[in-house]
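Report on one structure; see the data block that follows.
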Amino acid sequence: MTGPRHRHGPHHGRPFSVVICVYTEDRWDDILAAVDSVRHQSLPALETLLVVDHNPVLLARLGREYQEQREYREHAARGEVRVLANAGPRGLSAGRNTGIAAARGELVAFLDDDAVAERDWLRHFDEAYDDPRVLAVGGRTVPVWASGSRPEWFPEEFDWVVGCTYRGLPHGTARVRNVLGGNASFRRTAFDAAGGFATGIGRDGDRRPLGCEETELCIRLATAVPGAVILIDDRSVIHHKVPAVRTRIGYFRTRTYAEGLSKALVARSVGVRKGLASERRYTTRVLPAGVVRGVRDALRGRPGGLGRAGAIVAGVTMTTAGYLVGRFRTRGGGVAFSSGPVESPVESGPREAVA
-16 MTGPRHRHGP HHGRPFSVVI CVYTEDRWDD ILAAVDSVRH QSLPALETLL VVDHNPVLLA
44 RLGREYQEQR EYREHAARGE VRVLANAGPR GLSAGRNTGI AAARGELVAF LDDDAVAERD
104 WLRHFDEAYD DPRVLAVGGR TVPVWASGSR PEWFPEEFDW VVGCTYRGLP HGTARVRNVL
164 GGNASFRRTA FDAAGGFATG IGRDGDRRPL GCEETELCIR LATAVPGAVI LIDDRSVIHH
224 KVPAVRTRIG YFRTRTYAEG LSKALVARSV GVRKGLASER RYTTRVLPAG VVRGVRDALR
284 GRPGGLGRAG AIVAGVTMTT AGYLVGRFRT RGGGVAFSSG PVESPVESGP REAVA
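So the sequence shown is numbered by this note's numbering: it starts at -16 and just counts up by one.
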């Protein structure tokens, strides 16, 4: 399944609930920009759900912000904003599950709190769901470097380190094993079939930057629903901020090591064969080609070539080390995670604000 599909005539689209998980006031302006990008979609969202991760000050501030905007008709016309407290344990997975449980739309989309979506983001997602087999659709995430440009040493093959689409993913509209969680959508029924995001795998605020919760969920979904189709459509674009701290070698090492730990957890959940199927092609074809490209660039006098080649080797080494440590820990039962049905929330006044 490749290449864009074209429509003829008007298309009103399906109702989307957009979930944005937030945790710190340091990203205040980014959060408002993310919400605003949803409110300006060519296919309007039914609602935007801001899920606050155990931060009462931020919860109250966002509640006031969007309550005050109720007076202005132009804001109300762009879709309801609901501010919710994370009803589960601290972390991104539980925050997403809180949003899923509260969502009223037929489709649930996820957007990072430090990203903005292009105007047709939801419209391109929606088109894929004409096929009833499609249960999830991801998009393309473009890095916005704080320095204004990509660091010379930073290989495109490792853009997943900063939460962005990386070299090696297919182009156009294509079937994939899993979507990337910061730019993704699901049918609401997918969570009824497979449960929610597993807690204990993904990120927890500013702690070690684990990931792969969306990988584990998508593999579990494909098992629960034989014949399920998961796609990426690179026309569904968001622009993701990359702060300077995430362009440092130290963060690169930490994040790649954490990815290895996460892969071990995924392998524990769904089995090594399924958990590492896509990674085999990536490590045996995409990364060696990246090293060769870097060396070739260096020989041609292009800046950063050896740095990129070296970063690829270092990234593989750190990810492998994290995976081996993670496998040792999981064999010993030292790490626990869980997933299950997404429970509908109990409504309560101070936990939710609506604009």
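Even glycine gets a Cβ: it sits at the ideal position worked out from N, Cα and C. Note that the structure is a prediction, hence the values are computed from the model and not measured.
Rounded to the nearest angstrom, what separates HIS23 and ARG102 at their Cα positions?
On the sequence shown, position 40 is the one that residue 23 refers to. On the sequence shown, position 119 is the one that residue 102 refers to. Distance between the alpha carbons of HIS23 and ARG102 is about 6 Å.
So, ARG291 versus PRO138, is the Cβ gap smaller than 9 Å?
Against the sequence shown, residue 291 aligns to sequence position 308. Against the sequence shown, residue 138 aligns to sequence position 155. Yes, these two residues count as a Cβ contact at 9 Å.
Would GLY210 be called buried (16 or more neighbouring beta carbons within 10 Å of its own) or exposed?
Indexing the sequence shown from 1 puts residue 210 at position 227. Exposed, since its Cβ has fewer than 16 Cβ neighbours within 10 Å.
From the DSSP output, read off the bridge partner residues of ALA98.
Within the sequence shown, residue 98 is the residue found at index 115, counting from 1. ALA98 is bridged to HIS223.
Tell me ILE3's beta-bridge partners as DSSP assigns them.
Translated into positions along the sequence shown, residue 3 becomes position 20. Bridge partners of ILE3: LEU33.
Please report the Cβ distance between ALA100 and THR182, rounded to the nearest whole angstrom; I am assuming they are in contact, meaning their Cβ atoms lie under 8 Å.
The residue you call residue 100 lines up with position 117 of the sequence shown. The residue you call residue 182 lines up with position 199 of the sequence shown. Not really, about 26 Å apart at Cβ, beyond 8 Å.
Under 9 Å between the Cβ atoms of GLY122 and ASN166?
Numbered from its first residue, the sequence shown carries residue 122 at position 139. Numbered from its first residue, the sequence shown carries residue 166 at position 183. Closer than 9 Å, so yes.
Per-residue burial, ASP189 [other beta carbons within 10 Å of its own, 16 or more giving buried]:
On the sequence shown, residue 189 is found 206 positions in, with the first residue counted as 1. Only weak support is given to the placement of ASP189: the predicted model assigns it a pLDDT of 45, under 50, and the value that follows is read from those uncertain coordinates. Per the 10 Å Cβ criterion, exposed.
Taking contact to mean at least 3 C-beta pairs separated by less than 8 Å, is the stretch 170 to 178 in contact with the stretch 83 to 90?
yes
Out of GLN50, PRO72, SER20 and ALA28, which has the shortest C-alpha to C-alpha gap to VAL35?
Taking the first residue of the sequence shown as 1, we reach residue 35 at position 52. Among GLN50, PRO72, SER20 and ALA28, the Cα nearest to that of VAL35 is on PRO72.
In whole angstroms, what separates the C-alpha of TRP136 from that of PRO115?
As a position in the sequence shown, residue 136 is number 153, starting the count at 1. As a position in the sequence shown, residue 115 is number 132, starting the count at 1. Spanning the two alpha carbons is a distance of roughly 43 Å.
Please classify TRP168 as buried or exposed, where buried requires at least 16 other C-beta atoms within 10 Å of its C-beta.
In the sequence shown, residue 168 corresponds to position 185, counting from 1. Just to set this straight, residue 168 is Ser in the shown sequence, not Trp. Burial call: buried.
Grouping DSSP H, G and I as helix and E and B as strand, with all else coil, what is SER168?
Against the sequence shown, residue 168 aligns to sequence position 185. DSSP places SER168 in strand when its eight states are reduced to three.
Do VAL225 and VAL308 have their CB atoms nearer than 9 Å?
Here the question's residue 225 lines up with position 242 in the sequence shown. Here the question's residue 308 lines up with position 325 in the sequence shown. Not closer than 9 Å, so no.
Would you list the residues sitting across from ALA119 in a DSSP beta bridge?
Position 136 of the sequence shown, counting from 1, holds the residue named residue 119. Answer by DSSP bridge pairing, in chain order: PHE169 and ILE213.
Should HIS154 go down as buried or exposed, given a rule of 16 or more other Cβ atoms within 10 Å for buried?
Here the question's residue 154 lines up with position 171 in the sequence shown. HIS154 comes out exposed.
Got a sec? Which residues, its chain only, sit under 6 Å from ILE14 by beta carbon, not counting five neighbours each side?
Taking the first residue of the sequence shown as 1, we reach residue 14 at position 31. Only VAL5 and ASP96 meet the Cβ criterion.
When ALA85, ARG(-3) and GLU140 are compared against VAL66, the one with the closest alpha-carbon
Taking the first residue of the sequence shown as position 1, residue 66 is located at position 83. The candidate whose alpha carbon is nearest that of VAL66 is ALA85.
For the stretch 239 to 252 against the stretch 296 to 307, are there 3 or more C-beta pairs whose distance is under 8 Å?
yes
CA-CA distance, ARG310 and GLY131?
As a first step, residue 310 is located in the sequence shown; it is residue number 327 there, counting from the start. As a first step, residue 131 is located in the sequence shown; it is residue number 148 there, counting from the start. Approximately 39 Å, taken between the alpha carbons.
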